[in-house]
Amino acid sequence: MANVNQPIYILPEDTQRFLGRDAQRMNILAGRVLAETIRTTLGPKGMDKMLVDSLGDVVLTNDGATILQEMDIAHPAAKMIVEIAKKQENVVGDGTTTAVIIAGELLTKAEELLDDGIHSSTIILGYRNALNKVYEILDDISIDAKDEETLLKVAITAMTGKGFDYGKEQLANLVVDGVLKIEESGKVDKDNLNIQRVSGGSVQDSEIVDGVLIDKGRAVESMPKRIEKAKIALLKYPLELKDLETDGKIKITDPSQLQTFLDNEEEMIKDMVNKVIDSGANVLFCQKGIDDLALHYLSKAGIFAVKRTKKSDIKRVEKATGAKLVTSIDDLNSENLGEAGLVHEKKIFDQVLTFVEESKNPKATSIILRGSTRYVTSEVERALDDGIGVVSATLEDGKVMIGGGSSEIELAGQLKKYGSTISGREQLAVEAFAKALEIVPKTLAENAGLDSIDILVDLKAAHDKSKYMGLNVFDGKIVDMKEAGVVEPQKIKKQAIQSATEVTEMILRIDDLVAAKGGLEEVGGDDGLDDSGMPPGGMGGMPPMM
């Protein structure tokens, strides 16, 4: 008779499986660790991270989206949180660090409730009720404003603490000016605003240009340096002879036959150049290569040609000038040409750039970003991206919030009052949600070297008098942040809290984790943490189950 107690295996050998509370604990730990990793970058006094990849390339930044993108994160739950940071960056352009640290704190508070015996479904329901209340409170405490002065304040707030505070006002002006130029009917297409980095000089040497910039110059020096009333051709097809896809041999028995062969090649190239000339183009941007002989004929015809132009630059020129990208030289004609008042080459420091100005579409704008080294210009570019994102969000939404932690303290206070009106265990989840939001002013205080407990107590007391009281991290005082001009778009705050809540709910719903061989990395230790509180092996490490 068969043994009824015989175990039945339905999963392959070496498959790892974590059930119930173990799976929840492990996933929550991953979220907490990730939040702690980037928490120190928040605010004007936030610290930077140095990230070195396998090739030795270095990235210095305190931009949350960049840090999470550059880190090689293997933990599946941590990857879910990275996704909300990407979503935050793509949708509103800023607030990634805020979204991640709120998610980490929501998970921490949820774990405390789980330890008290409250079911995850109850926590999820409470969090969802709290989020709906947050939407109401945000609408109540936000301010309707999208005038130029407010846009400037929003940009300065977003770029403060990026390591170049001496030039933030000038850069904020460039950002606001650039976004207003490309704004159309309350909508902003950020692709129309191009940032071109030039290492050398000072951040204060940065400037804005009406038109498209291309980080290449003329293909040869003999070409004209300046073309007025430009007729622009965009070509995806290379102006050179194609290589044979199969091996072949040509038998030449006489020197004249070789000359004939070379003459034929020259004629073919000349024929391609003549098609460019016949179209009426006097400027050519080619996405592929251009043969040296073709460059000679183009130069003789007085055509300004740029070879191996980036696809993104081609798209900008296409949008700005009305030109159509031609995939075959035979299709090139006058109807496919774009127009610009001026195309010229200019050297800035040691970099040669091509300017396409006075174009058909006046919405095409570029910012020339200067800095002493490529590390500086890279970080300033990330700050400009944040500035463009927040100004665009303010223009589109027309609502701003007061910063410096004042919004989070007001949200937390009103949520606690709302929680007291709810019966049942959901009340505890709503109160936990409120406490989790306090992580933002708490982190701002800690990163400024201040006592976070004292600051939170003072902030709560100050909010009894005014809902705009926040922390000035530079002098450690509680001040009216509305008067201080520290403002941020409501859209960014709403998206950050929404994203954090959604990913927390997703993680709390997981009660079974099944991983194929090699899918999860087993690590040692009694509690899965090393002395620093990180899982051994970094974010790829998985804490073992007790």
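The number in the numbering used here is simply the position in the sequence shown, starting from 1, with 1 added.
For every residue, glycine included, the Cβ atom is placed at its ideal position computed from N, Cα and C.
Using the DSSP secondary-structure output, state which residues sit across from ILE228 in a beta bridge.
According to DSSP, which records beta bridges pairwise, ILE228 is partnered with VAL344.
Keeping to the same chain, check which residues put their C-beta closer than 7 Å to that of THR158; ignore five residues upstream and five downstream.
Counting only Cβ-Cβ distances below 7 Å, and skipping sequence neighbours, we find GLY404, VAL487, VAL488 and GLU489.
Tell me which residues share the same chain as GLY339 and place their Cβ nearer than 6 Å to its Cβ, disregarding the 5 neighbours each side in the sequence.
Answer for GLY339: ILE233, THR322, GLY323 and ALA324, listed in chain order.
Please give me, in chain order, every unbroken run of the beta strand (DSSP E) with length at least 3 that falls completely inside the stretch 21-55.
Runs of the beta strand (DSSP E) inside the stretch 21-55: 50-53.
Check whether the Cβ atoms of SER207 and ARG371 sit closer than 7 Å, and answer yes or no.
Yes, Cβ-Cβ distance for SER207 and ARG371 is below 7 Å.
VAL83 by DSSP, collapsed to three states: which one?
Note: VAL83 maps to helix in three-state DSSP.
Mind checking who PRO490 pairs with in its DSSP beta bridge?
DSSP output for PRO490 lists VAL401 as bridge partner(s).
Note down the Cα distance separating GLU447 from GLY406, rounded to an integer number of angstroms.
Roughly 12 Å between the two C-alpha positions.
With a Cβ-Cβ cutoff of 7 Å, do ILE479 and LEU457 count as a contact?
Against a cut-off of 7 Å, the Cβ pair of LEU457 and ILE479 comes out as no contact.
How would you write the range of the alpha helix (DSSP H) that GLY162 sits in, first residue to last?
Here GLY162 belongs to no alpha helix (DSSP H), and DSSP marks it neither H nor E.
Under the rule that 16 or more other beta-carbon atoms within 10 Å means buried, what is GLY21, buried or exposed?
Counting Cβ neighbours within 10 Å, GLY21 comes out exposed, since fewer than 16 surround it.
If ASP512 and ALA24 are in contact, beta carbons under 8 Å, what's the gap, nearest whole angstrom?
Right, the Cβ-Cβ distance comes to about 6 Å (below 8 Å), so this counts as a contact.
Is it the case that the stretch 213-231 contacts the stretch 344-357, given that we only count it when at least three CB pairs across the two stretches are under 8 Å?
Taking 8 Å as the limit for Cβ pairs, the verdict is that the stretch 213-231 does touch the stretch 344-357.
Taking the alpha-carbon positions, what's the LYS364 to ILE304 distance?
About 26 Å.
I need the boundaries of the beta strand (DSSP E) containing LYS478, first residue and last residue.
Segment 478-481, the beta strand (DSSP E) holding LYS478.
For the beta strand (DSSP E) holding ARG510, just list the boundary residues, first then last.
ARG510 -> no beta strand (DSSP E), and no H or E assigned at all.
Name, in chain order, the residues that DSSP records as bridge partners for ARG317.
DSSP lists no partner for ARG317.
Any idea what DSSP makes of ILE183, helix, strand or coil?
In this structure, ILE183 counts as helix in the three-state DSSP scheme.
Please look up how many angstroms separate the CB atoms of LYS110 and LYS436, rounded, as I've assumed it's under 8 Å.
So it is a contact: roughly 6 Å between Cβ atoms.
Pick from ILE410, ASP398, SER500 and THR355: whose alpha carbon is nearest that of GLY218?
The candidate whose alpha carbon is nearest that of GLY218 is THR355.
Between the Cα of GLU71 and the Cα atoms of LYS80, ILE142 and VAL60, which residue gives the shortest distance?
Per the Cα distances, VAL60.
Using beta-carbon positions only, say whether LYS308 and ILE330 come within less than 7 Å of one another.
No, they are not a contact pair.
Once you ignore the five residues that flank LEU175 on each side, which residues in its own chain have a CB closer than 7 Å to its CB?
Closer than 7 Å at Cβ, skipping near neighbours: SER207, ILE209 and ILE368.
Apart from the five residues on each side of it in sequence, which residues of its chain come closer than 7 Å, Cβ to Cβ, to ARG383?
Cβ neighbours of ARG383 beyond the five flanking positions: THR62, ASP64 and THR67.
Per DSSP, what kind of secondary structure is GLY425 in: helix, strand or coil?
GLY425: coil per DSSP, three-state reduction.
Can we say the stretch 464-473 touches the stretch 104-119, given the rule of at least three CB pairs closer than 8 Å?
No, the stretch 464-473 does not touch the stretch 104-119.
Look at ILE82 and GLY32 and say whether their C-beta atoms are less than 7 Å apart.
Contact: yes.
Cα separation between VAL177 and MET269?
So the alpha carbons of these two residues sit roughly 50 Å apart.
Hey, is the stretch 387-400 in contact with the stretch 144-157, meaning 3+ C-beta pairs nearer than 8 Å?
Taking 8 Å as the limit for Cβ pairs, the verdict is that the stretch 144-157 does touch the stretch 387-400.
Which value, in whole angstroms, describes the spacing of the CA atoms of ASP476 and LYS443?
Taking the straight line joining both Cα atoms gives about 16 Å.
Go ahead and label ASP95 buried or exposed: buried means 16 or more other beta carbons lie within 10 angstroms of its beta carbon, across all protein chains shown.
Buried, because 16 or more other Cβ atoms sit within 10 Å of the Cβ of ASP95.
Among residues of its own chain, excluding the 5 on either side of ILE1, which ones have a beta-carbon nearer than 8 Å to its beta-carbon?
Outside the shown range of the chain, which is 2 to 547, sits residue 1, and nothing can be said about it.
Less than 6 Å between C-beta atoms, sequence neighbours within five positions excluded: which residues of the same chain meet that for MET402?
Excluding sequence neighbours, MET402 sits near SER143, SER408, GLU489, GLN491 and LYS494.
Closest by CA to ARG426, which one among TYR128, MET27, THR41 and VAL53?
Comparing Cα positions, the closest option is TYR128.
According to DSSP, ILE304 sits in a beta bridge with which residue or residues?
Note: ILE304 sits in no beta bridge, so no partner.
Spatial neighbours of VAL327 within its chain, please: C-beta separation below 8 Å, excluding the five flanking residues on both sides.
Excluding sequence neighbours, VAL327 sits near ALA234, LEU235, LEU236, LYS237, TYR238, LEU333 and ASN337.
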